[in-house]
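Okay, so here's the structure we're looking at.
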Amino acid sequence: MADTHYAFGMVQVEINYDAIDALFKQASAQGRDTLFEYEVYDLLKASGAETPPRCVLLERAGRPVDEQLAGLSGDKVVLKIVSPAIIHKTEVGGVRVVENRPEAIRSAWRRMLYEVPENYAAYLARQPEASPEPYRDLRGEDLVSAIARDLRGVLLVQFMEPDSTAFGNELLVGIRKTREFGMVIGAGLGGTDTELYAERFRKGQAVTLSSTAMTDGAQFFELFRQTISYKKLAGLTRGQRRIVTDEQLIECFSSFIDMANHYSPENPDAPFHIEELEINPFAYADYLMVPLDGMCRFSAPKSVPASRPVGKIANLLRPKSIGIVGVSASRMNFGRIILKNVLDAGFPSGSVRIVKPGETAIDGVTCVPDLKSLDMKLDLFVVAVGSPQVPALVDELVELDAAESVMLIPGGLGETEESRERAAAVISKINIAHSQGVGPVFLGGNCMGVVSRPGHYDTWFIPEEKLPAFTKGGHHRAAFISQSGAFMLTRLSQCPILDPAYMVSMGNQTDLTLGDMLTHFADSDDVDVIAIYAEGFNDMDGLNFCRSVRRAVLSGKDVVFYKAGRTPEGKSATSGHTASLAGDYAVCESCVRQSGAIVAHSFTQFENLFMLAERLHGKTISGNRLAAMSGAGFEAVGMADSIQTDDYSMQLAPLSEKTREALGNLMVANRLAGLVTVTNPLDITPGADDRVHAEAIRLLATDPHVDAVVAGLDPMSPVMRTLADPDTPLTMDDERSIAALLVDLLPVLDTPVIGVVDGGRQYDPLVDRLKAVGLCVFRTSDQAVAAIAQYIDGRLNAARIRAGQQ
30 MADTHYAFGM VQVEINYDAI DALFKQASAQ GRDTLFEYEV YDLLKASGAE TPPRCVLLER
90 AGRPVDEQLA GLSGDKVVLK IVSPAIIHKT EVGGVRVVEN RPEAIRSAWR RMLYEVPENY
150 AAYLARQPEA SPEPYRDLRG EDLVSAIARD LRGVLLVQFM EPDSTAFGNE LLVGIRKTRE
210 FGMVIGAGLG GTDTELYAER FRKGQAVTLS STAMTDGAQF FELFRQTISY KKLAGLTRGQ
270 RRIVTDEQLI ECFSSFIDMA NHYSPENPDA PFHIEELEIN PFAYADYLMV PLDGMCRFSA
330 PKSVPASRPV GKIANLLRPK SIGIVGVSAS RMNFGRIILK NVLDAGFPSG SVRIVKPGET
390 AIDGVTCVPD LKSLDMKLDL FVVAVGSPQV PALVDELVEL DAAESVMLIP GGLGETEESR
450 ERAAAVISKI NIAHSQGVGP VFLGGNCMGV VSRPGHYDTW FIPEEKLPAF TKGGHHRAAF
510 ISQSGAFMLT RLSQCPILDP AYMVSMGNQT DLTLGDMLTH FADSDDVDVI AIYAEGFNDM
570 DGLNFCRSVR RAVLSGKDVV FYKAGRTPEG KSATSGHTAS LAGDYAVCES CVRQSGAIVA
630 HSFTQFENLF MLAERLHGKT ISGNRLAAMS GAGFEAVGMA DSIQTDDYSM QLAPLSEKTR
690 EALGNLMVAN RLAGLVTVTN PLDITPGADD RVHAEAIRLL ATDPHVDAVV AGLDPMSPVM
750 RTLADPDTPL TMDDERSIAA LLVDLLPVLD TPVIGVVDGG RQYDPLVDRL KAVGLCVFRT
810 SDQAVAAIAQ YIDGRLNAAR IRAGQQ
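What follows is the structure in structure tokens.
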């Protein structure tokens, strides 16, 4: 294996993979899937690290002689227990600092060989869920004896006096293999309190995470610069001085990233996979990065399933022919509802076939007795029968090459323990077909169906009278991909104005995955906005998904993402700190956001961001400067209070002199000058009518210093025309109403404008009218500011990604 070289300025890094392979092979031959700490230091040396500590292994058997104990310089030395099972040594007394004298070292060595097994056994008794597999059924003396038997000895390590013992002057760097996203790198505040720092500091301040397949050392360093850890190491906080160079950090990150990608499931030639490699901490002495502790777990490579023929998704979403099995001739079952919805959506009945023995036609659609009797190969075949029939149907569909794509509606394909065997059989059949280059792609199971406006069909099994009341203004150039059909249906029912061109229920991802579907839409000319609700990714599909997010963003699309199931995962006493920090959701959010998606953290955020993306995709976003206005003072103040959180930050725009003068003249002309101070946020008082509101919006939106406008529309003002009653002087039907004035104003404004209607149910018709004319409307000012701020933050992040690719 050729070595890998990196050059940064005058620094050259060389990675000797043959030496690292030898370490893994030796450990594997001894029945281990972990490296001992001294082997981790050998790995670091092979990776190009400049200062792995000097160390001597004091074996458990025998007695260390003075020559062994006198090999390290300094007044102190460190002793560390060596065991394949004990990862966190400090908690069980497995780390001691003693005087560098042979008798002191021997004394500590003997004490540790007896005390550590007792301490570790007591720890496991308190936390049995943390027990490694070999110790799981052991108790008392049997457990202590087993732990003692597995001890390799004690590692005698050179004591390095750090430049500083102040908070934040230790660094954690680790790589970890995740099931969904492959190899991930994490770096941040190191030491035994790493998890505490991550919990207590603002998001992204204690640690940063990234996919190693989608970053390099320099790019990851730019992310790391945003952490408190970097500010401490670089001497950017009060009373601190720099203790490491940027080049050293880039060199370290680059080496870890390259090792991760080499020993990755994505590398078909990898002799081993790194499960986890962590140095916690690196300390610093005279501009040297000194590893004080390290752990590494590895595994043998596993086979990867064949890729799906994702080109056939086009057949699924824009079929020329559709077949259905499971249609009842006598009652409105799921299959019959699907047939009705397909026809009602405008799909030609002559291009539909029903597999139904004993019938010639249902609802005017031709029936055939079985798949063999089909008179054409179908673009899409919808399976609406019970799950026990699915395995045989899959066999027949593949054998007959009957369809390009298949939609599996039924549940009972992996959701429950008893159905997993059936699901595994279906998946196996599909994977075999893909490996042979034959057969259709499968959507589902447990899939609610697809609505494809461009494809003129609807296979949802929901009766028409229960479907969302979509607006009649035409659908948006958007796709909604949801792992839960119920989530998608509920969101659209709550907010029918979303009305995307494609609504795809993914179901269990038996075959086609979230990443596959996003890959299709990333390259599609039909959509500008893609919204995704995810509950979980198939193996390595999180990485595939992130690559598709990046491709969509680079092609100018907006991607909105929500991930359910965000409870922390990965915390285990048999794993390092990286696993605790890089839990499932933390990894997911970091990787997806760094790919360019806008990440929502609640259902409401998801709806709001999806709506903004659909409405504002064509608007120019050049910065994060906000102009806020309202006729209610509390709203104006509330807008200013809502411009910053852990996830986003905006600033109040400094209005230009021209805008300030024009606003002043507007107030004078409407006898409001004595009540209004022209500032940002702008309180125009309840005396401002519809025309003043509209003109103030125009002036703010055309100010070159303003990137977005949030306007409170004061529905309860005594002079605003905001009522639904056509017989009142304040009716919104008046051509002078704010709803009428915005019809002509909004299309000519390139700057995003957000409206706020903070009032009761009597103003719901006004909200509907404003949404119909193209305004994004919120019911409270804080929600409006939060939504536009998060959307703008996402758009600016996407713009930075595009700029970095040019």
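Offset between the sequence shown (1-based) and our numbering: plus 29.
Ideal Cβ placement from N, Cα and C applies to all residues, glycine included.
Practice task
Give a yes or no on whether the C-beta atoms belonging to Thr714 and Leu728 are separated by under 7 Å.
Solution key: On the sequence shown, position 685 is the one that residue 714 refers to. On the sequence shown, position 699 is the one that residue 728 refers to. No, the pair does not count as a contact, with Cβ atoms beyond the cut-off.
Practice task
Please report the residue range of the alpha helix (DSSP H) in which Leu184 lies.
Solution key: Indexing the sequence shown from 1 puts residue 184 at position 155. Taken as a continuous stretch (DSSP letters only), Leu184 belongs to no alpha helix (DSSP H), being part of the beta strand (DSSP E) at 182-187.
Practice task
Report buried or exposed for Lys118, applying the criterion of at least 16 other Cβ atoms within 10 angstroms of its Cβ.
Solution key: Along the sequence shown, one-based indexing puts residue 118 at 89. Classification of Lys118: buried, given that the 10 Å Cβ count is 16 or more.
Handout entry: Contacting residues, own chain, Cβ-Cβ under 6 Å from Phe53 (five flanking each side not counted)
Key = Numbered from its first residue, the sequence shown carries residue 53 at position 24. The residues are Phe301, Phe327.
Handout entry: Validate contact between the stretch 88-102 and the stretch 329-341 using beta carbons, cut 8 Å, 3 pairs
Key = no
Practice task
Select from Met532, His722, His505, His463 the residue whose C-alpha is nearest the C-alpha of Met477.
Solution key: To locate residue 477, count along the sequence shown from 1; it is residue 448. Residue Met532 is the option with its Cα nearest to Met477.
Practice task
Report yes if the C-beta distance between Phe590 and Val628 is below 7 Å; otherwise report no.
Solution key: On the sequence shown, position 561 is the one that residue 590 refers to. On the sequence shown, position 599 is the one that residue 628 refers to. Yes; because the gap between Cβ atoms is below 7 Å, this pair is in contact.
Handout entry: Start-to-end residues for the beta strand (DSSP E) that takes in Val470
Key = The residue labelled residue 470 in the question sits at position 441 within the sequence shown. Counting along the chain, the beta strand (DSSP E) containing Val470 begins and ends at 470-473.
Practice task
Return the bridge partner residues of Gly211 from the DSSP annotation.
Solution key: Here residue 211 corresponds to residue number 182 of the sequence shown, with the count starting at 1. Answer is Thr207, bridged to Gly211.
Handout entry: Three-pair Cβ contact test at 8 Å for the stretch 416-430 versus the stretch 460-470
Key = yes
Handout entry: Runs of alpha helix (DSSP H) wholly within the stretch 329-409 (minimum 4 residues, chain order)
Key = 342-346, 363-373
Practice task
From the DSSP output, in three-state form, read off Cys617 for me.
Solution key: The residue labelled residue 617 in the question sits at position 588 within the sequence shown. The answer is helix: DSSP assigns Cys617 an H, G or I state.
Practice task
Would you kindly report the start and end of the unbroken beta strand (DSSP E) that includes Tyr591?
Solution key: By one-based count along the sequence shown, residue 591 stands at place 562. From DSSP, the beta strand (DSSP E) with Tyr591 extends over 587-592.
Problem - Per-residue DSSP class, three states only, for Asp797 - result: As a working note, residue 797 is residue 768 in the sequence shown. It is helical.
Problem - Alpha-carbon to alpha-carbon, Ser511 and Met658 - result: Numbered from 1 along the sequence shown, position 629 holds the residue referred to as residue 658. Numbered from 1 along the sequence shown, position 482 holds the residue referred to as residue 511. Going from the Cα of Met658 to the Cα of Ser511 covers about 36 Å.
Exercise for the section: Tell me, to the nearest whole angstrom, how far the beta carbon of Gly219 is from that of Phe311; I am working on the premise that it is less than 8 Å. Expected result: What you label residue 219 is simply residue 190 of the sequence shown in a count that begins at 1. What you label residue 311 is simply residue 282 of the sequence shown in a count that begins at 1. So it is a contact: roughly 7 Å between Cβ atoms.
Exercise for the section: Consult DSSP for Thr895 and reduce its assignment to one of helix, strand or coil. Expected result: Any answer about residue 895 is impossible in this case: the structure gives the chain only from 30 up to 835.
Exercise for the section: Identify the continuous beta strand (DSSP E) that holds Ala737 and give its terminal residues. Expected result: Stepping through the sequence shown from its first residue, residue 737 is reached at position 708. 737-741 is the extent of the beta strand (DSSP E) around Ala737.
Handout entry: 8 Å contact criterion, which Val16 and Leu775 should meet: CB distance rounded
Key = A question about residue 16 goes unanswered here, because the residues of the chain that appear run from 30 up to 835.
Problem - Sub-7 Å separation of Asp568 and Arg208 beta-carbons - result: Here the question's residue 568 lines up with position 539 in the sequence shown. Here the question's residue 208 lines up with position 179 in the sequence shown. A contact, by the Cβ cut-off of 7 Å.
Practice task
Please work out which residues of its chain come closer than 6 Å, Cβ to Cβ, to Leu695, disregarding the five sequence neighbours upstream and downstream, and give them in chain order.
Solution key: Looking up residue 695 in the sequence shown gives position 666. These residues qualify, in order along the chain: Glu724.
Practice task
May I ask which residues mark the beginning and end of the alpha helix (DSSP H) holding Ala661?
Solution key: Within the sequence shown, residue 661 is the residue found at index 632, counting from 1. First-last for Ala661: undefined, no H or E at that position.
Problem - Own chain residues within Cβ distance below 7 Å of Ser619, not counting five before or after - result: Numbered from 1 along the sequence shown, position 590 holds the residue referred to as residue 619. If we look at Ser619 and ignore the five residues flanking it on each side, its Cβ neighbours are Leu238, Ser239.
Handout entry: Assumed close pair Ser671, Ala815 - CB separation to whole angstroms, cut-off 8 Å
Key = Locating residue 671 in the sequence shown gives position 642, where the first residue counts as 1. Locating residue 815 in the sequence shown gives position 786, where the first residue counts as 1. That belief holds up - the Cβ atoms of Ser671 and Ala815 are roughly 6 Å apart, short of 8 Å.
Exercise for the section: Could you tell me the boundaries of the alpha helix (DSSP H) in which Ala75 lies? Expected result: If you number the sequence shown from 1, residue 75 lands on position 46. It spans 66-75 - the alpha helix (DSSP H) in which Ala75 sits, taken as one unbroken run.
Practice task
Would you kindly check if the distance between the Cβ of Ala508 and the Cβ of Ala551 is under 7 Å?
Solution key: Within the sequence shown, numbered from 1, the residue matching residue 551 stands at position 522. Within the sequence shown, numbered from 1, the residue matching residue 508 stands at position 479. Contact: no.
Problem - DSSP-derived helix/strand/coil call for Ala832 - result: Position 803 of the sequence shown, counted from the first residue, corresponds to residue 832. It is helical.
Practice task
Using three-state DSSP, classify Gln623 as helix, strand or coil.
Solution key: The sequence position of residue 623 within the sequence shown is 594, counting from 1. In the structure shown, Gln623 sits in a helix (DSSP, three-state: H, G or I).
Practice task
Assign Asp399 to one of two classes, buried (16 or more other C-beta atoms within 10 Å of its C-beta) or exposed (fewer than that).
Solution key: For the purposes of this step, residue 399 is identified with residue 370 of the sequence shown, where counting begins at 1. With fewer than 16 Cβ atoms within 10 Å of its Cβ, Asp399 is classed as exposed.
Problem - Segment contact flag, the stretch 244-255 with the stretch 288-295, C-beta cutoff 8 Å, min 3 pairs - result: no
Practice task
Could you pull the start and end residues of the beta strand (DSSP E) that Lys109 belongs to?
Solution key: Residue 109 sits at position 80 when you count from the first residue of the sequence shown. Per DSSP, Lys109 belongs to the beta strand (DSSP E) from 105-111.
Exercise for the section: At 3 residues or longer, and completely inside the stretch 109-180: list those beta strand (DSSP E) runs for me, N to C. Expected result: 124-128
Problem - Under the three-state DSSP convention, the category Ile44 falls into - result: Stepping through the sequence shown from its first residue, residue 44 is reached at position 15. Reduced to three states, the DSSP call for Ile44 is strand.
Practice task
Starting from Phe635, follow the beta strand (DSSP E) in both directions and report where the run begins and ends.
Solution key: For this step, residue 635 is matched to residue 606 along the sequence shown. It is not in any beta strand (DSSP E) - Phe635 instead sits in the alpha helix (DSSP H) that spans 632-645.
Practice task
Whole angstroms is fine: what's the gap from Gly594's alpha carbon to Glu564's?
Solution key: Residue numbering aside, residue 594 sits at position 565 when the sequence shown is read from its first letter. Residue numbering aside, residue 564 sits at position 535 when the sequence shown is read from its first letter. Each residue's alpha carbon lies about 6 Å from the other.
Problem - For Leu437, the three-state DSSP class (helix, strand or coil) - result: Locating residue 437 in the sequence shown gives position 408, where the first residue counts as 1. Reduced to three states, the DSSP call for Leu437 is strand.
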